[in-house]
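The numbering used here puts the first residue of the sequence shown at 272, with every later residue one more than the last. Backbone N, C-alpha and C fix where the C-beta goes; we use that ideal spot for every residue, glycine too.
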Amino acid sequence: MSSSTPLISSTLLPLLLFLLSGFTAPSSAADCDPADRAALLRVKAQLGNPARLSAWHPSSPNCCAWDPAVVCGGAGGRVTALALYSLPDVSARVPPALGELAALEILQVGSVPGLSGPVPASFANLTRLRDLDVNGTSISGPVPAALLAGAANLSTLVIANSKLAGPIPASLASLPSLRYLDLSGNLLTGAIPPGLLHGSFRFLLLSNNRLTGEIPADVGGGDVDTVDVSRNQLTGDPSPFLFGITRPAAKIDLSWNALEFDMTGVRFPHHLRFLDLSHNRITGRVAKSLMDVRLEHFDVSYNELCGEIPAGRFMSAHGAECYAHNRCLCGAPLPPCSTGM
272 MSSSTPLISS TLLPLLLFLL SGFTAPSSAA DCDPADRAAL LRVKAQLGNP ARLSAWHPSS
332 PNCCAWDPAV VCGGAGGRVT ALALYSLPDV SARVPPALGE LAALEILQVG SVPGLSGPVP
392 ASFANLTRLR DLDVNGTSIS GPVPAALLAG AANLSTLVIA NSKLAGPIPA SLASLPSLRY
452 LDLSGNLLTG AIPPGLLHGS FRFLLLSNNR LTGEIPADVG GGDVDTVDVS RNQLTGDPSP
512 FLFGITRPAA KIDLSWNALE FDMTGVRFPH HLRFLDLSHN RITGRVAKSL MDVRLEHFDV
572 SYNELCGEIP AGRFMSAHGA ECYAHNRCLC GAPLPPCSTG M
């Protein structure tokens, strides 16, 4: 099997979002907004006063200088970005006081496994929010689409590796700027709604859930970079809209589903660098178009493919494990085909 290193490391995502957000470093000398300072102190209290936030103290009036994770912007010292990471001593519900930071544009929460409960109703006040990134918590309840409806500028929505349940709400499609959606590693059920993403450079990450039904055709439309819907219970044939030599996709992971299509004549995108179709019900031959695709990760194991594996060009990079447990594949790197194959 080829290298499975992801194209974008999850540990780099917080920094990447800050860089993409277009922030310029504000002056830490400016006093922060008094209402935002009070809200941050309430956030700290609602989290149980974790040791890592000890610099958030009433005796220090300038919250903009408390912590590099508190970013202020503008002459009024409004808190525009907040990152809460690696708080192992927290055992609390999501602080409602976060919703009092009305100027907040970026909110990132990661590696806080003791953070639980649903996203509070106060998040409806975060109308300037552009990036919400929550990863590695015990947040539960439904995807909070109604609370985010007022965030017309929301471009990145990540609530991953948590305990969200229920369906993905179709109302997420009404967020006009949403281009990066990551709800992977939850307990979500039902179908994937159509029209979830907009704009360019789109990412759809819904792996490790309990989703059913077919992948919507519009997932392959527009400027899509990544589609990862692996480890669900999806069915149908996504090949007509996900694949094609002019598609811009760089990563497609459809593994561990119940997808069915004949691979023989599929034309795979020349830009593709990651392709995992393993553990499905794919039939036919290994597509000859793969000879022209320089894949860093490739896996079609555990399917129903048969016939001789195409040889030449970029196919030599793929080992035998990439083709394991199919019906009757043969040819390098597998044993030679018998006469008549």
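Do I486 and P511 have their C-beta atoms closer together than 8 Å? no
Exercise. Report yes or no: do the region 438-445 and the region 394-403 share at least 3 C-beta pairs separated by less than 8 Å?
Key: no
Residue nearest to Y573 in terms of C-alpha spacing, selected from N320, R481, Y594 and M562: Y594
Legend entry - Whether S455 touches A420 by CB criterion (8 Å): no
Q | Option nearest Q504 by Cα separation, candidates P519, T483 and D496 | A | T483
* Along the alpha helix (DSSP H) that carries A316, what are the first and last residues, could you check? => P305 to Q317
DSSP-derived helix/strand/coil call for E579: strand
query: Mapping DSSP to helix, strand and coil, what is S411?
result: strand
TODO: Would you kindly work out how many angstroms separate the C-alpha atoms of V341 and A354, rounded to a whole number?
DONE: 7 Å
Checklist entry - Quick one: complete beta strand (DSSP E) runs, 3+ long, within the region 515-572? => result 522-524, 545-547 and 568-570
If the criterion is Cβ atoms closer than 8 Å, does the pair I580 and F545 meet it?
no
Where does H589 land, buried or exposed, given buried means 16+ other C-beta within 10 angstroms?
buried
key: Backbone secondary structure at D453 - three-state DSSP   = strand
> Could you give the distance in angstroms between the alpha-carbon of G407 and the alpha-carbon of L458?
Replying inline: 14 Å
Residue environment, I516, which counts as buried when at least 16 other CB atoms sit within 10 Å
exposed
Note to self: Using C-beta distances below 8 Å, list every residue in its chain close to L552, excluding the 5 sequence neighbours before and after it, in chain order.
What the structure shows: It is Arg, not Leu, that sits at residue 552 in the sequence shown. These residues qualify, in order along the chain: A529, L530, E531, N574 and E575.
Looking only at its chain, what residues have a beta carbon closer than 8 Å to the beta carbon of G370, apart from the 5 residues adjacent to it on each side?
P391, A392, S393, F394, A395, N396 and L397
**OP:** Could you tell me which uninterrupted beta strand (DSSP E) segments, each at least 3 residues in length, are contained entirely in the region 358-406, listed from first to last along the chain?
**Re:** 377-381, 386-388 and 402-406
| request: Could you pull the start and end residues of the alpha helix (DSSP H) that Y474 belongs to? | output: The amino acid occupying residue 474 in the given sequence is Phe; Tyr does not appear at that position. Not the alpha helix (DSSP H): F474 falls in the beta strand (DSSP E), residues R473 to L476.
Review point. By Cβ distance below 7 Å, which residues in the same chain neighbour R473 in space, the five residues on each side in sequence not counted?
Key: R450, G493, D494, V495 and D496
Practice problem: If I'm right that P607 touches A591 with Cβ under 8 Å, what's the distance once you round it to whole angstroms? | Solution: No, P607 and A591 are not in contact; Cβ-Cβ is about 13 Å, not under 8 Å.
Please specify which runs of the beta strand (DSSP E), each continuous and at least 3 residues long, are wholly inside the region 415-441, giving them in chain order.
427-431 and 434-437
(Q) For T276, count the other beta carbons within 10 Å of its own beta carbon; 16 or more makes it buried, fewer makes it exposed. Which is it? (A) With a pLDDT of only 32 at T276, under the threshold of 50, the placement of this residue in the model should not be trusted, and no figure is reported.
Is DSSP giving R349 helix, strand or coil here?
strand
- Go through its chain and collect everything with a Cβ distance to G381's Cβ below 6 Å, but skip five positions before and after it. Y356, N406 and G407
Cβ shell of A423 (< 8 Å), same chain only, five flanking positions each side left out | T398, L446, P447 and S448
Selected residue, minimal CA-CA separation from A521, among D570, T460 and L543: L543
With a threshold of 6 Å on Cβ separation, who are the neighbours of P297 within its own chain once the five nearest residues in sequence on each side are excluded? Confidence at P297 is low in this model, with a pLDDT of 41, below 50, so the placement of that residue should be treated as unreliable; the coordinate-derived value is given next. Cβ within range, chain order: C343 and G344.
Q. How would you label H328, buried or exposed, when you count the other beta carbons within 10 angstroms and need 16 or more for buried?
A. exposed
- Query: With 16 other CB atoms within 10 Å as the buried threshold, where does P366 fall?
  - Reply: buried
Practice prompt. Mark L475 as exposed unless 16 or more other C-beta atoms lie within 10 angstroms of its C-beta, in which case mark it buried.
Written response: buried
So, with DSSP's three-state summary, where would you put G461? strand
Using DSSP with H/G/I as helix, E/B as strand and the rest coil, what is A599?
-> The sequence shown places Cys at residue 599, rather than the Ala named in the question. Of the three classes helix, strand and coil, the one that applies to C599 here is strand, per DSSP.
Query raised in the report: Thinking C-beta only, is S411 closer than 8 Å to P384?
Result: no
Quiz item: So is A488 buried or exposed if we call it buried at 16+ other beta carbons inside 10 Å?
Solution: exposed
Inset, instruction - Could you say which of D547, V537 and Q317 lies nearest to R364 if we only look at CA atoms? - result: Q317
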